[in-house]
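> Chains as they are written, first to last, in the numbering used here: chain A, 1 to 290; chain B, 1001 to 1287.
So this is what it looks like as structure tokens:
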């Protein structure tokens, strides 16, 4: 039988190419960010870029310090994580351990729906509802603040955290539960003293991936945080994140200019952060399986 | 006689479980609020005419026809590009890969692709497709960028679907003298189609809602005509919503909510189709 005819060899070749395409793409993304972004460092030092306190890309002379943008991203992310981790992990415990039958299905579908809402729609509703209410409750001049961004982003991190935590909890072997209950522990004691420690590294992975999701989010955060490029001191000030800076300014730059290169350099920083976060999450997840 | 410590434990449990329930509600209520609000306020403007007429008065009135068509074309093109690559990659991982170190690396790359910020995809698409490949800002450049972004979704779903096909199917096929590819093609792939479809539709729904990757690769601010080829720029719904809600003053609220509703409706219907499909085939599965 003519097993390895030419078309079979072609398709198997394609399978191998597509198989390792993911690796090639990750490398390619980084190379293209370098290719367009490295030009910045001919005129601006790395310290001035990462540690500079002023981002004035179109003033004369321009200043390309991204410290305010990094801090903006960090503040918004920290706020979002503080809000979403307890809620997300709590919901995951409820869905995995307590909810049964149709209720479980309804709750899981609800979380899937939340994950499916496009970020621009969340940003839009954020402007309509959240911005005025933040302004009112804290008596601010503007409701476009880091906190507003944090709340919006918490909604986007939640599905990630819930889904992964729930998977991890479901993967904890049944005998763990049975042994704890047989020893007279209540359901809550079992969850708190047995399941939580058993799922710890998986929950860490869920939190890491939540952070990755939040720090890379662009549209919603750009729409509700006010986009002021100052170093923030509280969550109630307008901030601008790294992602929002790229999205807002790329349209106005001239290709090949310093400003253009600087935006790609911010892209490099974001890429490296997300790389780190994902590798960490992966380590946590794999430690669990061993 | 219950001991005091037992009673305390029961009370702690009640309190703890109620808090968990509360957390779940707090997590879910926003989804309901967002969807409900957009539907309620978008409904009044929603009509066949809204979907099929051009925007007028600087996008402050009229319909959203070019954005609807642009989004549909972009998403279809994205699916066409991403589906074959994603499925072949999944076949590689489940049926061909031997080298453990390499597959570990591939998996790590997939995880990382899934985590790359969407705006970085936008930069990459700009650098590679728009500038380096000279496609310009076009449907093609946007679709290729989005296709890379949804690749991890399709690979992961397809891999799961392929793995759920019992090993015995492969063994029977191979023992009858079929080659490895023939086995994959006729004894494995057909049974994984539903799972692959589900993953692809979910990926396309994600692509339909994303804004950041298309900002610099395809999206046109205002282009009151339909794209004529894949090398044309196009208006797309998410960017249009961004534009009329933040970039243009005095757009009537109904226009904004109407646009948000159409976008949300499109994305959620794709999701629901995927979920129903998955449930349907899970029930029908024979093995």
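Note that the Cβ used here is the ideal one computed from N, Cα and C, for glycine as well.
How about residue 1212 of chain B and residue 218 of chain A: do their beta carbons lie closer than 7 Å?
yes
> For the stretch 206-222 of chain A against the stretch 115-125 of chain A, are there 3 or more C-beta pairs whose distance is under 8 Å?
yes
> Taking the beta carbon of residue 1280 of chain B as the centre, do at least 16 other beta carbons fall within 10 Å, making it buried, or is it exposed?
exposed
> Residue 1056 of chain B and residue 1062 of chain B: beta carbons closer than 7 Å?
yes
> Report the three-state DSSP secondary structure of residue 1257 of chain B (helix, strand or coil).
helix
> Rounded to whole angstroms, what is the Cα-Cα separation between residue 254 of chain A and residue 1241 of chain B?
Residue 254 of chain A and residue 1241 of chain B have their C-alpha atoms some 26 Å from each other.
> So, does the CB of residue 1244 of chain B fall closer than 7 Å to a CB anywhere in chain A?
no
> From residue 1155 of chain B to residue 1250 of chain B, what distance separates their C-alpha atoms?
C-alpha separation (whole angstroms): 44 Å.
> Where does residue 266 of chain A land, buried or exposed, given buried means 16+ other C-beta within 10 angstroms?
buried
> Can you tell me the Cα-Cα spacing of residue 1 of chain A and residue 1176 of chain B, whole angstroms?
Here residue 1 of chain A scores only 46 on pLDDT, less than 50, and its place in the model is too uncertain to base an answer on.
> Residue 84 of chain A: which of B:1026, B:1161, B:1035 and B:1066 sits nearest, CA to CA?
Minimum Cα-Cα distance from residue 84 of chain A among the listed residues B:1026, B:1161, B:1035 and B:1066 corresponds to B:1026.
> With distances taken Cα to Cα, identify the nearest neighbour of residue 1028 of chain B among A:63, A:97, A:158 and A:10.
A:158
> Does residue 1292 of chain B come out as helix, strand or coil in the three-state DSSP assignment?
Summary: the structure shown does not reach residue 1292 of chain B, with chain B confined to residues 1001 through 1287, and so no result is reported for it.
> Among A:214, A:287 and A:91, which has the Cα closest to the Cα of residue 1020 of chain B?
A:91
> Of the choices B:1122, B:1123, B:1089 and B:1096, whose alpha-carbon is the least far from that of residue 1109 of chain B?
B:1089
> Return the residue from the list A:68, A:31 and A:111 that minimises the CA-CA distance to residue 48 of chain A.
A:68
> From residue 1239 of chain B to residue 60 of chain A, what distance separates their C-alpha atoms?
32 Å
> Using beta-carbon positions only, say whether residue 1013 of chain B and residue 55 of chain A come within less than 7 Å of one another.
no
> Quick check for students: name the residue ranges of the alpha helix (DSSP H) that lie wholly in the stretch 1074-1141 of chain B, counting only runs of 4 or more.
You should have 1100-1115 and 1118-1125.
> If the cut-off is 9 Å on Cβ atoms, which residues from the stretch 1132-1157 of chain B count as contacting chain A, listed in chain order?
Result list: 1132, 1148, 1151, 1152 and 1155.
> So, for residue 281 of chain A: in the same chain, excluding its five sequence neighbours on each side, which residues have a beta-carbon less than 6 Å away from its beta-carbon?
Excluding positions up to five away in sequence, the list reads 205, 208 and 209.
> Just checking my contact of residue 1188 of chain B with residue 1162 of chain B at CB under 8 Å: how many whole Å lie between their CB atoms?
6 Å
> If you drop the 5 nearest sequence neighbours on each side, which residues of the same chain put their C-beta closer than 7 Å to that of residue 290 of chain A?
Below a pLDDT of 50, predicted positions are generally treated as unreliable, and residue 290 of chain A, at 40, falls in that range; the measurement from the model is reported next regardless. Counting only Cβ-Cβ distances below 7 Å, and skipping sequence neighbours, we find nothing.
> Is it right to say residue 18 of chain A is buried, meaning 16 or more other beta carbons lie within 10 angstroms of its own, or is it exposed?
Buried, since its Cβ has 16 or more Cβ neighbours within 10 Å.
> How would you list, in chain order, the residues of chain A whose beta-carbon sits under 9 Å from the beta-carbon of residue 1174 of chain B?
Result: empty, since nearest Cβ-Cβ is about 11 Å, beyond 9 Å.
> Under 7 Å between the Cβ atoms of residue 36 of chain A and residue 264 of chain A?
Taking 7 Å as the Cβ cut-off, residue 36 of chain A and residue 264 of chain A qualify as a contacting pair.
> In whole angstroms, what is the alpha-carbon distance linking residue 64 of chain A and residue 81 of chain A?
28 Å
> Could you tell me which residues DSSP puts in a beta bridge with residue 64 of chain A?
A:55
> Leaving aside the five residues before and after residue 166 of chain A along the sequence, list all residues of the same chain whose C-beta is less than 6 Å from its C-beta, in chain order.
92, 95 and 96
> Rounded to whole angstroms, what's the CA-CA distance from residue 279 of chain A to residue 45 of chain A? Just pull it up for me.
28 Å
> Evaluate residue 103 of chain A with the Cβ neighbour count: other Cβ atoms within 10 Å of its Cβ, from every protein chain shown; 16 or more gives buried, anything less gives exposed.
exposed
> Select from the stretch 182-194 of chain A all residues with a C-beta closer than 9 Å to any C-beta belonging to chain B, and list them in chain order.
184, 185, 186, 187, 188, 189, 191 and 192
> Taking Cβ-Cβ distances shorter than 8 Å, what residues in chain B pair up with residue 86 of chain A?
1023
> Residue 222 of chain A and residue 244 of chain A look like a contact to me (Cβ under 8 Å); what is the Cβ gap, rounded to whole Å?
4 Å
> At 9 Å on the CB atoms, spell out the chain B contacts of residue 173 of chain A, in chain order.
Correct list: empty, because the minimum Cβ distance to chain B is about 21 Å.
> Just grab the DSSP bridge partners of residue 226 of chain A for me.
DSSP, once it has assigned bridges, lists A:239 as partnering residue 226 of chain A.
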